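Participant: Numbering (my numbering), first residue to last: 1 to 422.
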Ligand SMILES: Nc1ncnc2c1ncn2[C@@H]1O[C@H](COP(=O)(O)OP(=O)(O)O)[C@@H](O)[C@H]1O
Ligand SMILES: N[C@@H](CC(=O)OP(=O)(O)O)C(=O)O
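1. Use the C-beta contact count for residue 264: other C-beta atoms within 10 angstroms, 16 or more gives buried, fewer gives exposed.
2. Alpha carbon to alpha carbon, what distance is there between residue 232 and residue 78?
3. Starting from the N-terminal side, write out each stretch of the alpha helix (DSSP H) that is 4 residues or longer and does not extend beyond the region 224–278.
4. Please report the residue range of the alpha helix (DSSP H) in which residue 391 lies.
5. Kindly indicate the opening and closing residues of the beta strand (DSSP E) around residue 401.
6. Measuring only from the beta carbon, is residue 7 closer than 6 Å to any heavy atom that is part of ligand 1?
7. Who are residue 374's beta bridge partners in DSSP?
8. Is the beta carbon of residue 124 less than 7 Å from the beta carbon of residue 208?
9. Going by the DSSP bridge assignment, what does residue 413 pair with across the sheet?
10. Using only CA atoms, which one of 422, 387 and 421 lies nearest to residue 415?
11. Could you give the residue range of the alpha helix (DSSP H) that holds residue 168?
12. Can you tell which of 182, 355 and 394 has its C-alpha closest to the C-alpha of residue 381?
13. For residue 68, which of 81, 95, 52 and 58 has the nearest alpha-carbon?
14. Identify, in the order they occur along the chain, each residue of the same chain with its Cβ nearer than 8 Å to the Cβ of residue 116, setting aside the five sequence neighbours on each side.
15. Roughly how many angstroms separate the alpha carbons of residue 43 and residue 369, rounded to a whole number?
16. Between which two residues does the beta strand (DSSP E) carrying residue 29 extend?
17. Nearer than 6 Å: is that true of the beta carbon of residue 185 relative to any heavy atom of ligand 2?
18. For residue 342, report the span of its alpha helix (DSSP H) as first-last.
19. Keeping to the same chain, check which residues put their C-beta closer than 6 Å to that of residue 157; ignore five residues upstream and five downstream.
20. Return the CA-CA distance between residue 269 and residue 276, expressed in angstroms with no decimal places.
21. Among the candidates 304, 315 and 130, whose CA atom is the shortest distance from the CA of residue 377?
22. Please report the Cβ distance between residue 184 and residue 144, rounded to the nearest whole angstrom; I am assuming they are in contact, meaning their Cβ atoms lie under 8 Å.
23. Quick one: what's got a C-beta closer than 8 Å to residue 331's C-beta in the same chain, skipping five residues either side?
24. Would you decide whether residue 349 is buried or exposed? Buried here means 16 or more other CB atoms lie within 10 Å of its CB.
25. Which residues bound the beta strand (DSSP E) around residue 289?
26. Could you pull out every unbroken alpha helix (DSSP H) segment of at least 4 residues lying fully inside the region 1–58, listed in chain order?
27. Among the candidates 287, 384 and 3, whose CA atom is the shortest distance from the CA of residue 397?
28. Would you decide whether residue 56 is buried or exposed? Buried here means 16 or more other CB atoms lie within 10 Å of its CB.
29. Within 6 Å: the Cβ of residue 257 and any heavy atom of ligand 2?
30. Between residue 322 and the rest of its own chain, which residues show a CB-CB distance below 6 Å, the 5 nearest in sequence each way excluded?
31. Assign residue 77 to one of three DSSP states: helix, strand, or coil.
32. Round the Cβ separation of residue 361 and residue 306 to the nearest angstrom and send it over; I've been treating them as touching at under 8 Å.
33. Can residue 401 be considered in contact with ligand 1, in the sense that its beta carbon sits closer than 6 Å to one or more heavy atoms?
34. With a threshold of 6 Å on Cβ separation, who are the neighbours of residue 255 within its own chain once the five nearest residues in sequence on each side are excluded?
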């Protein structure tokens, strides 16, 4: 059997859903599990709605209305009969958010976030599943929360692999025998049946969880790019397609921030030796990228750009050394504030980290660190990672930039840079 994953970009409008059905129809004789994300930018919108509700601002209902209208417009194109059951089912999903909004917030933010934001995936899969059935592709809607079990770390649920594998193996092979199975990416549930999410862009990871648990032959992630390129085309012109990639290089590229695949996706597939294809949903005949076990190294240098970096330098107040005790304290604070380090460097009296400048939680971290250390920071930096670098590639990315911090090992060069004002 195979697993397909369609992200938000692929189902951002009615044409996207029609295109999905075309792709699926060419595989209708295969056993196929289809993982779908929320449509377009729905997750961002529901995230905004959650913030608005939690802070008791008055636009939460307007944002909900926007989400409803957006999906309604898509449904009008796909389901001309306005008595079609999809309208009622989707309306019921949005009612779950309305119920939450009607009471003042009494639960922690992260918990509320998961209950609200998950509706994006529940709605998109309802629409996709009805459409596939309408065009003659027999499909069964499955609630991913019945299969993917996590701990209760809301917004970053950690998968209970044993329980998840057992549920998936018990339930899904039978359903896959004579129909397509459509389910949600990104969402799971705790053992007490509370909805959790797996972290932003986590639908790729969901696809890998289902595939690994079902010993799938392959996973195909359908994207708006021809495959994995040697840089994000949004930042770099003249990108090259990487036709084949080893699991190791794919893990490294995504770890350093190549957002084309969620970083947690590769490992479960590597463990089961399942091939991952990244293909274009626009040019479906294109070869795309094949990721599998290989000793071949990356054929071309690859670039990863991360903007909006903040470099935080942490110094003990009494000019003592940065020792294990300080380091363990700093790492535990990073963990408490849910902060991922993109680059780090230490000297005897200074520990520096580059992180995404995500606003409130970074401010809280700096305040917290300030209680025990002297803390300095520089904002608006850019982190450039080059995998399989050489001097020419370094020179190419440094035009108009000044290096703040540079780290190199035999395969990877990381440059934290500031734009030079002209
Ligand atoms: N190395 C890369 N190769 C291809 N695309 C990349 C790369 N790095 C980042 N991207 C970006 O990833 C995007 C696709 O991922 P994403 O927007 O998350 O898709 P989806 O929402 O469908 O899951 C592309 O539009 C591209 O801008
Ligand atoms: N909808 C979620 C999960 C996801 O993976 O989406 P996408 O496949 O569109 O990146 C998000 O936007 O974070």
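Quick reminder that beta carbons are idealized off the backbone N, C-alpha and C, glycines included. Small disclaimer: the values here were computed from a predicted structure and weren't measured.
Facilitator: Reading it off the structure:
1. Here residue 264 corresponds to residue number 264 of the chain shown, with the count starting at 1. Burial call: buried.
2. The sequence position of residue 78 within the chain shown is 78, counting from 1. The sequence position of residue 232 within the chain shown is 232, counting from 1. Going from the Cα of residue 78 to the Cα of residue 232 covers about 32 Å.
3. 247–255 and 266–271
4. Taking the chain shown and counting its residues from 1, one reaches residue 391 at position 391. 391–397 is the span of the alpha helix (DSSP H), which, as asked, contains residue 391.
5. Working through the chain shown from its first residue, we reach residue 401 at position 401. Residues 401–408.
6. Residue mapping note: residue 7 aligns to position 7 of the chain shown, counting from 1. Yes, the beta carbon of residue 7 sits closer than 6 Å to at least one heavy atom of ligand 1.
7. Within the chain shown, the letter at position 374 stands for residue 374. Partner(s): 315.
8. As a working note, residue 124 is residue 124 in the chain shown. As a working note, residue 208 is residue 208 in the chain shown. Against a cut-off of 7 Å, the Cβ pair of residue 208 and residue 124 comes out as no contact.
9. Locating residue 413 in the chain shown gives position 413, counting from the first residue. Residue 413 pairs with 386 and 408.
10. Here residue 415 corresponds to residue number 415 of the chain shown, with the count starting at 1. The shortest Cα separation from residue 415 among 422, 387 and 421 belongs to 387.
11. In the chain shown, residue 168 corresponds to position 168, counting from 1. Element bounds for residue 168: 161–176.
12. Your numbering for residue 381 matches position 381 in the chain shown. Comparing Cα-Cα distances from residue 381 to each of 182, 355 and 394, the minimum goes to 355.
13. To locate residue 68, count along the chain shown from 1; it is residue 68. Selected option, being the one with the closest Cα: 95.
14. On the chain shown, residue 116 is found 116 positions in, with the first residue counted as 1. 46, 49, 50, 53, 97 and 100, listed in sequence order.
15. Along the chain shown, read from residue 1 onward, the residue named residue 43 stands at position 43. Along the chain shown, read from residue 1 onward, the residue named residue 369 stands at position 369. Each residue's Cα considered, the two are about 32 Å apart.
16. Locating residue 29 in the chain shown gives position 29, where the first residue counts as 1. Here residue 29 belongs to no beta strand (DSSP E), and DSSP marks it neither H nor E.
17. As a working mapping, residue 185 is identified with position 185 in the chain shown. Yes; taking the cut-off as 6 Å, the Cβ of residue 185 has a heavy atom of ligand 2 nearer than that.
18. For the purposes of this step, residue 342 is identified with residue 342 of the chain shown, where counting begins at 1. It is not in any alpha helix (DSSP H) - residue 342 instead sits in the beta strand (DSSP E) that spans 341–346.
19. Here residue 157 refers to the residue found at position 157 when the chain shown is read from its first residue. Within the same chain, residue 157 has close Cβ partners 150, 188, 196 and 198.
20. Here residue 269 is taken as the residue at index 269 of the chain shown, counted from 1. Here residue 276 is taken as the residue at index 276 of the chain shown, counted from 1. Cα-Cα distance, rounded: 8 Å.
21. The count along the chain shown starts at 1 and reaches residue 377 at position 377. Of the candidates 304, 315 and 130, the one whose C-alpha sits nearest the C-alpha of residue 377 is 315.
22. Position 184 of the chain shown holds residue 184. Position 144 of the chain shown holds residue 144. Sure, about 4 Å apart at Cβ, within 8 Å.
23. Along the chain shown, one-based indexing puts residue 331 at 331. Correct list: empty, nothing qualifies.
24. Locating residue 349 in the chain shown gives position 349, counting from the first residue. Answer is exposed; the Cβ neighbour count stays below 16.
25. Sequence index remark: in the chain shown, residue 289 carries index 289 (1-based). Where residue 289 is concerned, the enclosing beta strand (DSSP E) stretches over 289–292.
26. 14–25 and 42–54
27. Translated into the one-based positions of the chain shown, residue 397 becomes position 397. Out of 287, 384 and 3, 384 has the C-alpha closest to the C-alpha of residue 397.
28. As a first step, residue 56 must be located in the chain shown, where it is residue number 56. With fewer than 16 other Cβ atoms within 10 Å, it is exposed.
29. If you number the chain shown from 1, residue 257 lands on position 257. No, the beta carbon of residue 257 sits no closer than 6 Å to any heavy atom of ligand 2.
30. The residue given as residue 322 occupies position 322 in the chain shown. Here the set comprises 346 and 351.
31. Taking the chain shown and counting its residues from 1, one reaches residue 77 at position 77. Correct three-state label for residue 77: helix.
32. In the chain shown, counting from the first residue as 1, residue 361 sits at position 361. In the chain shown, counting from the first residue as 1, residue 306 sits at position 306. Actually they are not in contact, since the Cβ atoms of residue 361 and residue 306 sit about 17 Å apart, beyond 8 Å.
33. Your numbering for residue 401 matches position 401 in the chain shown. No; taking the cut-off as 6 Å, the Cβ of residue 401 has no heavy atom of ligand 1 nearer than that.
34. Against the chain shown, residue 255 aligns to sequence position 255. Closer than 6 Å at Cβ, skipping near neighbours: 263.
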